[in-house]
RNA sequence: CGGGGAGUGGCGCAGUCUGGUAGCGCACCCGGCUGGGGGCCGGGCGGUCGCAGGUUCAAAUCCUGUCUCCCCGACCA
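In the working numbering, the protein residues as written are 17 to 486.
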């Protein structure tokens, strides 16, 4: 009856636990080229759900999807000084094609500000063309020194938004809107991950940005993970690529641009924020399979009744799946669904069926219970919502328990080394930031006392959120 | 680039110090029993021990060279 442990203890050895979950829940494995990743069907199903939810929110925020090329002329990258400096070391470059040395090397996009800039410049000529709000789903390549599956792979999948606006205020407002209405909303309400919202310090900012907003999640090992960022690019790229428009007074002005992105790293974040000693736990709203109906043994019409149950659940809008692979032992299948983190499991077998019952178990609870087969389907939507709610509440409690208010830089170093520390930014300062970085503790973001997004780094009363990060 | 470690059936490992017929677990194949939490019993397939050279009657094991991979750090969504 006991549920056997199937992955290593997350308390003991978190990296090992993470590897185990990736392998045993069949999420992903390393690809042939260094730092690349093969995403397996179940891992990709999670990604597809994430994509769907993020994409819906992006469209709601008024951006349209487009597709830009993978290969970028090297000269593009060089047009924005900070941008080149930031990305040069991690570029993969194509120098030979069609059997010949290329006149100009092509870089594999590490991000697409430059190509977007080049084309946005052609599409914008009047203030009436603005704002121009574009997004693309694509793969990018950054030759990282130390890859980790999902968290930092050389090639990864992401969504990158690129927009152009008439002035600074409009660009800033949009970056903020995306940050709150797309990213923050998605993390809180779908992934059930409470995030720290804030601005990056100058040291941590995106190459070429004048401001970077970030969402920082806290993982089960109390390290921080940057889950999404939104950048105000000022006029840096607009000037480099000549994105200019004529205003109502007939004056030609450079636009103000933004960019924002979230990646397959979110899958890693999902695993590390919610996983436990039995594997992955997936919040119902993002779960590709919300309820699995397991045929224990196909006797007493269990197979048929289970099939009917799946149909009823599907009709109720539940993403349900039938597991009638009775040639595989029950224990094996139960463990596999648990590893994959399916929120609800219903076992249909001859023993319970004689009484007209089935067994219902929540992935986030130990005990399962016996319920009438005729009534179980109708209760599932509400149970799923309850699980969604409970998982966010639990993650929020965990985050609060990881957070320590530090009075001194020394205290902050101590607390940030093993959890998350909060200290007034005025007290830490750029010098303190540099000192902590030597100890592996970085400023994850600057935020207001109440946790909201500051308008600028110079606001008084800002606090710095400190932690070790992935 | 700095610091550690590992290369042995498909996967994970032991054996190396102290040379002497290549082993274990998982997976796989066959048969049977099982079946409400990774089943049990029996039988079987599969490896010239990363590569090259050397020492020796004899090398996974000792020596020399070489290649590859992993982990920690620097870089980062």
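Don't be surprised by glycine CBs; every beta carbon is placed ideally from N, CA and C.
Closest Cα partner of residue i within the set the options
i: residue 340; options: 287, 325, 84; result: 325
i: residue 220; options: 70, 330, 453; result: 453
i: residue 235; options: 218, 249, 210; result: 210
i: residue 301; options: 337, 351, 257, 404; result: 404
i: residue 98; options: 132, 222, 122; result: 222
i: residue 124; options: 105, 459, 142, 463; result: 105
i: residue 411; options: 198, 461, 203; result: 203
i: residue 245; options: 260, 330, 238, 227; result: 227
i: residue 286; options: 468, 145, 93, 205; result: 205
i: residue 212; options: 475, 470, 476; result: 470
i: residue 354; options: 57, 42, 27, 466; result: 42
i: residue 37; options: 93, 284, 477; result: 284
i: residue 33; options: 419, 259, 255, 289; result: 289
i: residue 420; options: 391, 358, 480; result: 480
i: residue 369; options: 313, 358, 424, 398; result: 313
Alpha-carbon to alpha-carbon, residue j and residue i
i: residue 196; j: residue 49; result: 36 Å
i: residue 232; j: residue 240; result: 6 Å
i: residue 278; j: residue 215; result: 16 Å
i: residue 437; j: residue 422; result: 6 Å
i: residue 348; j: residue 484; result: 37 Å
i: residue 243; j: residue 191; result: 15 Å
i: residue 17; j: residue 383; result: Residue placement at residue 17 cannot be trusted, given a pLDDT of 40 that sits under 50; the coordinates are not used to answer.
i: residue 155; j: residue 201; result: 24 Å
i: residue 282; j: residue 169; result: 12 Å
i: residue 128; j: residue 333; result: 38 Å
i: residue 444; j: residue 229; result: 20 Å
i: residue 413; j: residue 435; result: 14 Å
i: residue 225; j: residue 400; result: 41 Å
i: residue 158; j: residue 176; result: 15 Å
i: residue 482; j: residue 217; result: 12 Å
i: residue 431; j: residue 44; result: 33 Å
i: residue 2; j: residue 406; result: Outside the modelled stretch of the chain, which goes from 17 to 486, sits residue 2, for which no answer is possible.
i: residue 253; j: residue 187; result: 13 Å
i: residue 73; j: residue 317; result: 44 Å
i: residue 389; j: residue 311; result: 13 Å
Three-state secondary structure (DSSP) of residue i
i: residue 161; result: coil
i: residue 330; result: helix
i: residue 166; result: coil
i: residue 62; result: helix
i: residue 17; result: Below a pLDDT of 50, predicted positions are generally treated as unreliable, and residue 17, at 40, falls in that range; the measurement from the model is reported next regardless. Residue 17: coil per DSSP, three-state reduction.
i: residue 295; result: strand
i: residue 187; result: helix
i: residue 360; result: strand
i: residue 425; result: helix
i: residue 45; result: strand
DSSP bridge partner residues for residue i (one or two, in chain order)
i: residue 122; result: 89, 110
i: residue 517; result: Because the chain is modelled from 17 through 486, residue 517 falls outside the range shown and cannot be assessed.
i: residue 262; result: 142, 268
i: residue 153; result: 175
i: residue 211; result: 233
i: residue 81; result: 151
i: residue 116; result: 113
i: residue 480; result: 439, 462
Kindly confirm or deny that the segment 22-39 and the segment 286-299 touch, where touching means at least three C-beta pairs closer than 8 Å. Contact between the segment 22-39 and the segment 286-299 is present: 3 or more CB-CB pairs across the two stretches fall below 8 Å.
Between the segment 114-121 and the segment 133-151, can you find at least three pairs of beta-carbon atoms closer than 8 Å? No, the segment 133-151 does not touch the segment 114-121.
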